[in-house]
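Trainee:
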Amino acid sequence: MVWAKGLWTNGITQFPEACENLAIKVAGGRVGMRVMVTSEKSHAQISADRIARKGWTNVIVNVGDATNISSWRLVAPGGLDRHMKFTPFADSSVDSAISLDACYHFNTRQKFLKLCASKLKTGGLLSLSDIILGSAKLSALDRIFLRIFVIGTGVPMVNLVRLSEYEDDIKTAGFVNVEIEDVTDNVFGGLASFIRDRDTEFRHLLNWRRWLQYRVMRHFLEWVIAKGVLRFVVTKASYE
Ligand SMILES: C[S@@+](CC[C@H](N)C(=O)[O-])C[C@H]1O[C@@H](n2cnc3c(N)ncnc32)[C@H](O)[C@@H]1O
1374 MVWAKGLWTN
1384 GITQFPEACE
1394 NLAIKVAGGR
1404 VGMRVMVTSE
1414 KSHAQISADR
1424 IARKGWTNVI
1434 VNVGDATNIS
1444 SWRLVAPGGL
1454 DRHMKFTPFA
1464 DSSVDSAISL
1474 DACYHFNTRQ
1484 KFLKLCASKL
1494 KTGGLLSLSD
1504 IILGSAKLSA
1514 LDRIFLRIFV
1524 IGTGVPMVNL
1534 VRLSEYEDDI
1544 KTAGFVNVEI
1554 EDVTDNVFGG
1564 LASFIRDRDT
1574 EFRHLLNWRR
1584 WLQYRVMRHF
1594 LEWVIAKGVL
1604 RFVVTKASYE
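The numbering of the sequence shown is the numbering used here, which starts it at 1374 and goes up by one.
1. Any heavy atom of ligand 2 closer than 6 Å to the CB of L1519?
2. Given this structure, state the Cα-to-Cα distance separating G1428 from S1420, to the nearest angstrom.
3. Starting from L1488, follow its DSSP beta bridges and name the residues at the other end.
4. Excluding the five sequence neighbours on either side, which residues of its own chain have a C-beta within less than 7 Å of the C-beta of E1540, listed in chain order?
5. Would you mind working out which of H1416, L1519 and C1489 sits nearest K1510, comparing C-alpha positions?
6. Please return the same chain residues whose Cβ sits closer than 6 Å to the Cβ of Q1483, not counting the five positions on each side in sequence.
7. For G1384, which of helix, strand or coil comes out of DSSP?
8. Quick one: what does DSSP say M1590 is sitting in, helix, strand or coil?
9. With 16 other CB atoms within 10 Å as the buried threshold, where does M1530 fall?
10. DSSP beta-bridge partners for Y1612?
11. Relative to the C-alpha of T1495, which candidate in L1585, D1464, I1424 and Q1418 has its C-alpha closest?
12. Measure the alpha-carbon distance for A1320 versus H1577 and round it to whole angstroms.
13. Who are the near neighbours of T1573 in its chain, counting only those whose CB is closer than 6 Å to its CB and skipping five residues on each side?
14. Using the three-state DSSP reduction, which class does R1407 fall into: helix, strand or coil?
15. Taking DSSP's pairing of strands, which residues face D1555 in a bridge?
16. Do the stretch 1555–1568 and the stretch 1598–1610 touch if we need at least three Cβ pairs shorter than 8 Å?
17. List the residues that DSSP assigns as beta-bridge partners of N1628.
18. Would you kindly report the start and end of the unbroken beta strand (DSSP E) that includes D1570?
19. Considering only the alpha carbon of each residue, which of V1589, V1432 and I1471 lies closest to A1396?
20. Just to check, is the beta-carbon of L1488 closer than 6 Å to a non-hydrogen atom of ligand 1?
21. Nearest-angstrom Cα distance between K1492 and A1513?
22. Between which residues of its own chain and A1377 is the CB-CB distance below 7 Å, once the five residues before and five after are set aside?
23. Assuming I1504 is part of the beta strand (DSSP E), what are its boundary residues?
24. Count the other CB atoms, across all protein chains shown, that sit within 10 Å of the CB of N1383; report buried if there are 16 or more and exposed otherwise.
25. Nearest by alpha-carbon distance to Q1418: which of D1454, K1487 and R1403 is it?
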C-alpha cells in the first residue's frame, strides 16, 4: 500500500493529524542529526524544500533504496543534486533507526534489519510501523485478492509474515527487548472510517478516477479488517 495511513486515536478526524500522530508514536522524542531516505523523488524534494523553509539544519534528505546506502543521493532544496552521493554512516555509529509505514515495501525487510543492526550502536533503538500477515486462515479466493493487492502496491510477498516469524526475524537480525504493539483497528479502521465519512465530499471534489481509488482503498481496508488478513504494528527494539 503506497498510501500513508495514519494513527486515528485521540479523537483525530483529519488525515494530516493522523499521519503526524503515527510519526510521533513511532519516532517521537528523538533528537540530534537526522538522515532521511525515500525511494520517491517527489516526496524527497517536497521534504527537502519544507525543511529548508523551516530553517532546520539538522536534517539531511536522500533519495534511494533504504536497504542499500550506496544508492542514496542527497536532495538539495530546489533540486536533486545527482552528483552528491551520501557518505555512508560508519558501522556502530547510529543512535536510532526508524521506518515509518514503509519497511514492508523494502526488498527485503530482513536486508533492512541487518543494515540497521550493522549501523546502530550497542543499545541503539529500532522503531518501525509495519504490516504483517494476520493469523486468520484465508480461503483460496482471499489469497488471490491479497496477491493482486500485494503485486499492485509493490510489497514483496516475502515480507508478509505472521507475528511469530516477524518477531524471530527481528531477533535474528540482532535485536533484543522486542515490543510489538498491534494498532490495526486505529490505523486501517481509522482510515476506512475517514474515507467512508467523506464519500459524498470526495465524489464532488475529486475526479472520478481519484474517487474510485478511495473507494477501492476503503473496500480493501474493510475486507482486511473483516477477514483479519493483515495487521498493522508498531515495533520497538534495541540492538545488542
Ligand atoms: C505508505 S508510504 C509512507 C510514506 C511516509 N513514510 C508516511 O508515513 O507518510 C511508503 C513509502 O515507502 C517508500 N519506499 C518504498 N520502498 C522503499 C525503499 N526500498 N527505500 C526507501 N523508501 C521506500 C515509498 O517511496 C513511500 O513513500
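The beta-carbon is built from N, C-alpha and C at its ideal position, and this holds for glycine as well. If you're wondering where the values come from, they're calculated on a predicted model, not measured in any experiment.
Mentor: According to the data block:
1. As far as ligands go, the structure on display features ligand 1 and does not contain ligand 2.
2. 12 Å
3. Answer is none; L1488 lacks a bridge partner.
4. V1551 and I1553
5. L1519
6. D1542
7. coil
8. helix
9. exposed
10. F1548
11. If we check each option's Cα against that of T1495, D1464 comes out closest.
12. The question about residue 1320 has no answer here: the residues shown for the chain are numbered 1374 through 1613.
13. none
14. strand
15. BP columns for D1555 point to V1606.
16. yes
17. The structure shown does not extend to residue 1628, since the chain is modelled only from 1374 through 1613, so no value can be given for it.
18. Taken as a continuous stretch (DSSP letters only), D1570 belongs to no beta strand (DSSP E), being part of the alpha helix (DSSP H) at G1563 to D1570.
19. Restricting attention to V1589, V1432 and I1471, the CA atom closest to the CA of A1396 is found in I1471.
20. no
21. 41 Å
22. So the qualifying residues of the chain are C1392 and D1474.
23. L1493 to L1506
24. exposed
25. It is D1454.
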